[in-house]
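Working notes, structure below.
Numbering (the numbering used here), first residue to last: 225 to 339.
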């Protein structure tokens, strides 16, 4: 991704004032000049290193966000599993209640046979 650099010249040195990413898909370092003097190879490498660090920080932030989304999704899945388990338990309680009623019906049939 292309970066837009703002440089400030202090004596014989160039200082990186700001770095922005306008959203371009190209990743080449533009030919930079300040006060009519070209940047030396060392200064250009220094700026390129700062661009690399900034890009890595951006990627790291995106990875962190992705990890948080993954954790949130896992929590949601866990919550759904918990709800499903509670529904299953409730269904088992209902079935158990029906078995008890069926047993009472059987007892009533025995009373009928006895009479």
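Glycine included, every Cβ here is placed at the ideal spot set by N, Cα and C.
Buried versus exposed call for residue i [16 or more other C-beta atoms within 10 Å across all chains shown]
{"i": "residue 275", "result": "buried"}
{"i": "residue 283", "result": "exposed"}
{"i": "residue 271", "result": "buried"}
Inter-residue Cα distance where the pair is residue i and residue j
{"i": "residue 322", "j": "residue 312", "result": "15 Å"}
{"i": "residue 258", "j": "residue 285", "result": "Only weak support is given to the placement of residue 258: the predicted model assigns it a pLDDT of 43, under 50, and the value that follows is read from those uncertain coordinates. The alpha-carbon atoms of residue 258 and residue 285 are separated by roughly 32 Å."}
{"i": "residue 305", "j": "residue 281", "result": "36 Å"}
{"i": "residue 301", "j": "residue 308", "result": "10 Å"}
{"i": "residue 298", "j": "residue 288", "result": "15 Å"}
{"i": "residue 316", "j": "residue 292", "result": "36 Å"}
{"i": "residue 273", "j": "residue 279", "result": "10 Å"}
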